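Residue numbers (the working numbering): 27 to 133.
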């Protein structure tokens, strides 16, 4: 099974080098990701945000869900995961918010 992945990442910094470092961590887990340019997060002071997207296989999907956070909030109907760094253990302490949305790709 293949999935389309859309990811939203909010970084607790305005330093783009920290955002790039987080993008590199994500690319090491899933080399098929494409990243949007970073921008200031409009509703949070001192934060950057970026998006990532790509196609992942079932085992990559499982790896991302198991590796990126220890306690996801989850909407089963929409196959949507989200987590805040202040109340869970995200893969990087600089991440304020992380969202993963998977869509099955049918052949």
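Glycine included, every Cβ here is placed at the ideal spot set by N, Cα and C. All figures in this text were calculated on a predicted structure; none of them were measured in a lab.
Counted within 10 angstroms of its Cβ, other Cβ atoms place residue i as buried (16 or more) or exposed
| i | result |
| --- | --- |
| residue 38 | buried |
| residue 75 | buried |
For residue i, the residue or residues it bridges with in DSSP
| i | result |
| --- | --- |
| residue 121 | 37 |
Check whether residue i and residue j have beta carbons under 8 Å apart
| i | j | result |
| --- | --- | --- |
| residue 108 | residue 118 | no |
| residue 66 | residue 40 | yes |
| residue 73 | residue 36 | yes |
| residue 126 | residue 64 | no |
Beta-carbon proximity list for residue i, same chain, < 7 Å, skipping 5 on both sides
| i | result |
| --- | --- |
| residue 116 | 94, 95, 109 and 124 |
| residue 56 | 80, 82, 86 and 90 |
Endpoints, alpha helix (DSSP H) assigned at residue i
| i | result |
| --- | --- |
| residue 45 | 42-55 |
| residue 90 | 84-94 |
Delimiting residues of the beta strand (DSSP E) encompassing residue i
| i | result |
| --- | --- |
| residue 106 | 106-110 |
| residue 97 | Residue 97 -> no beta strand (DSSP E), and no H or E assigned at all. |
Own chain partners of residue i with C-beta closer than 6 Å, once the 5 adjacent residues on each side are dropped
| i | result |
| --- | --- |
| residue 50 | none |
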